[in-house]
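Q:
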Amino acid sequence: MIDLLSEQVVTVLMLGGVLTLIMTGFPIAFVIASVALIMGSILFGGDITYHILYSRMYSMVLSYPFLASSFYFYGRYPANVWNR
């Protein structure tokens, strides 16, 4: 007998959710994030899932490559280009 929250059922649900949302036309990054957030909330509960999400996003924002890329994009042009 297969348990309702066994590894096989969760895998099929996540794969089916990803394929369904990709076929509807959503961007892949949003699809993967939403499926992970929904399944994490179902399996682990909301408190643990949102704590993990917050800690991962906080560590990403503080990383040097993330900061360097934003400074590169916004610092490429001189200030007078933006004032036109």
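Add 6 to a position in the sequence shown, counting from 1, and you land on the number used in the working numbering.
We put the CB at the ideal spot given by N, CA and C, even for glycine.
1) Does DSSP put F79 in a helix, in a strand, or in coil?
2) Thinking I28 and V37 are a contact (beta carbons under 8 Å), I'd like their distance in whole angstroms, please.
3) Decide if V41 is buried, meaning its Cβ has at least 16 other Cβ atoms within 10 Å, or exposed.
4) Taking the continuous alpha helix (DSSP H) assigned at S69, which residues delimit it?
5) What did DSSP end up calling S61 once you bin it into helix, strand or coil?
6) Look at the alpha carbon of P33 and the alpha carbon of G23, and state the distance between them as a whole number of angstroms.
7) Which whole-angstrom value describes the C-beta separation of L49 and L10, a residue pair presumed to lie in contact below a C-beta threshold of 8 Å?
A: Quick answer:
1) helix
2) 6 Å
3) buried
4) No alpha helix (DSSP H) holds S69; DSSP gives it neither H nor E.
5) helix
6) 13 Å
7) Not quite, the Cβ-Cβ distance comes to about 11 Å (not below 8 Å), so this is no contact.
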